[in-house]
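In this note's numbering, the protein residues as written are 37 to 436.
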Amino acid sequence: MSILCALMLFCLTPPAQAASSAQAAIRPHKERISEFDALFQQGMAAIANSDFTRALATFEVLTRKKPDFRVAQLIYGDLLTAQAQMLKGFGNIPASGRDPDIADLQAEALARLRHLQHQPPAGSMPAELLMLSTRSAHAIAVDLTQARLYLFRNHDGAPELIASYYSSSGKNGADKRRRGDKKTPVGLYYITDYLTGDSLPDLYGAGALPLNYPNEWDRLNKRTGYGIWLHGTPSDTYSRPPRASDGCVALTNLDFQDLERLAGIGTPVVLSPRLNWVSKQEWLARRQSIQTQVEQWRRDLSSGDIQRLLTHYSRKFNNQSNDFKSWSNVLRGDIKQWSRKAFTLSDPSILHYPGKDPMVVVTFTESTARGGGQNWRLRRQYWRQEGGKGPWRIVYENIG
């Protein structure tokens, strides 16, 4: 039976860490998870600790309770086989074997195990979610490489991790660019609707949460396609391999139902090749840096000095309708209507947009005095640090 344990740990542990204890390698997670995922984690922790009697008993219970959990069935089969003979490999298939179904299950097992072994550092924060608006009770961030969807509660503007779910994404990886490429988009999106399972084909399982792909940045960069959803799995399938969809993010039906109860329309969803977990101190410093930039922009806008205001805008500015020159004229027209003390910002969100160059999306409610009353509108800005260094400037702006 040591072959099974060695296989699991060898696949997951970098050579430099191979000498570390099995107990430290796999730890059952304490986030809210389904009963079946909890049993899976307990079984794998038992394998890592060489407690094969407990592992066998745990996987026996799991496969009896959830027979369509295929990767659990495979590991249970390995544990049974290992009692009588030496295993040839995962699923008792020789390493030279090329069974695609076994390869898919192996990929799922390794994705689940990597999450147990490499959880976000204690006390760390997602750099993608720097400030949450009161418009969003929750936020979602998906690590496409790690096949993991994280759900956060909005705690006074800060993201508080409350759950994570194993997830499946595009067959051909991330960074969708055109219709039919079977890739999952990379970017910042929002849930736009909720579709019940009984209104959809069985492929989508318990239901779907459509996203606003392509968003304004996608359209500006001529990315095409549609129908990118968060959704469940077919009724005869507990979970799918890490790369199995045509571009959507798929969860188990139990996890989707849990997510759907909390994530409503308007919930922000970050889809990233790799989430960036940073210390609370660094997270606060990043948030403060962007807040300082936005506050200076607000002051320069309120001052009525168009030249000072335009220093915050990139010469590459483009919002599909205006370039830098024409948008400058729009701003001049707005400034003429505002008094210096009548302009206020409230309820901001600051979300990092995944990509090559650092970029954040800042959305806030803008209030201006008009005709003895107040005029409210939503304003969204894309601030980009071009080339990864230098000053932050607005490359896209939309005023609702």
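The C-beta atom is built at its ideal place from N, Cα and C for all residues, glycine as well.
Just so we're clear, the structure is a prediction, and the values are computed from it rather than from any experiment.
Comparing alpha-carbon positions, which option in the options lies nearest residue i?
| i | options | result |
| --- | --- | --- |
| S385 | N190, L337, Q119 and Y230 | N190 |
| R334 | Q421, D272, N355 and I430 | I430 |
| A244 | E252, L387, P250 and D234 | D234 |
| A118 | L346, S86 and Y201 | S86 |
| G391 | Q142, Q109, A158 and L224 | L224 |
| N208 | E318, I69, P278 and W412 | P278 |
| L152 | P237, T347, Y112 and Y201 | Y201 |
| L180 | Y186, S205, F188 and L337 | S205 |
| M161 | R215, T401, D137 and W319 | W319 |
| T260 | V222, G268 and N365 | V222 |
| G436 | G423, L414 and K425 | L414 |
| I355 | T404, R255, S70 and D370 | In the sequence under discussion, the amino acid at residue 355 is Asn, which differs from the Ile named in the question. Minimum Cα distance to N355 is reached at R255. |
| L311 | M80, A84 and P156 | P156 |
| G300 | A173, Q109, F188 and S169 | A173 |
| T401 | H388, T380 and Y389 | T380 |
| H388 | F360, S308 and T347 | S308 |
| Y432 | K352, N365 and S403 | K352 |
| G193 | R214, I138, M167 and G426 | M167 |
| Q324 | I138, E296 and V398 | V398 |
| T99 | A91, I83 and Q109 | Q109 |
| A139 | A321, I371, R322 and R276 | R276 |
| Q182 | L92, E144 and R322 | E144 |
| S350 | D272, G423, R214 and M80 | G423 |
| H348 | R214, E331 and K101 | E331 |
| I229 | P136, L236 and P246 | The sequence shown places Asp at residue 229, not Ile. Answer by Cα proximity: P246. |
| K101 | A81, D73 and N365 | D73 |
| T404 | K372, D359 and D272 | K372 |
| D137 | L345, D272, A280 and V366 | A280 |
Assuming residue i is part of the beta strand (DSSP E), what are its boundary residues?
| i | result |
| --- | --- |
| P195 | A194 to Y202 |
| V306 | P304 to S308 |
| Y225 | G223 to Y226 |
| A93 | Counting along the chain, A93 falls outside any beta strand (DSSP E), though it belongs to the alpha helix (DSSP H) covering F88 to K101. |
| W265 | W265 to H267 |
Short check: CB of residue i to CB of residue j, under 8 Å?
| i | j | result |
| --- | --- | --- |
| A199 | T303 | no |
| L116 | V97 | no |
| V314 | V178 | no |
| L146 | P195 | no |
| P270 | L239 | yes |
| K218 | D282 | yes |
| W428 | Q421 | yes |
| G159 | K258 | no |
| Y262 | F105 | no |
| E252 | N434 | yes |
| V107 | L149 | no |
| L337 | L187 | no |
| F95 | I111 | yes |
| V285 | T328 | no |
| A210 | R322 | no |
Run through the DSSP bridge pairs and tell me what residue i is partnered with.
| i | result |
| --- | --- |
| Q417 | V398 and E433 |
| M80 | Partner(s): none; M80 has no beta bridge. |
| T347 | Answer is none; T347 lacks a bridge partner. |
| H191 | A194 |
| S403 | T380 and W412 |
| G243 | T232 |
| I176 | L187 and V305 |
| D359 | N354 |
| T220 | A210 |
| V285 | L266 |
| S205 | R279 |
| P162 | W313 |
| I386 | M167 and V398 |
| R68 | A199 |
Since residue i and residue j are thought to touch, with beta carbons under 8 Å apart, how far apart are those beta carbons, to the nearest angstrom?
| i | j | result |
| --- | --- | --- |
| R171 | D383 | 7 Å |
| R368 | I342 | 5 Å |
| I227 | Y249 | So it is not a contact: roughly 11 Å between Cβ atoms. |
| S203 | L290 | That belief does not hold up - the Cβ atoms of S203 and L290 are roughly 13 Å apart, past 8 Å. |
| G241 | G216 | About 23 Å; that fails the 8 Å criterion. |
| V396 | W419 | 5 Å |
| A93 | I83 | Rounded, the Cβ-Cβ distance is 12 Å, inconsistent with contact. |
What first and last residue would you give for the alpha helix (DSSP H) that runs through residue i?
| i | result |
| --- | --- |
| A139 | P136 to Q153 |
| D114 | R106 to A118 |
| S338 | K316 to S339 |
| R171 | Neither: R171 is in no alpha helix (DSSP H) and is coded neither H nor E. |
| R255 | E252 to L256 |
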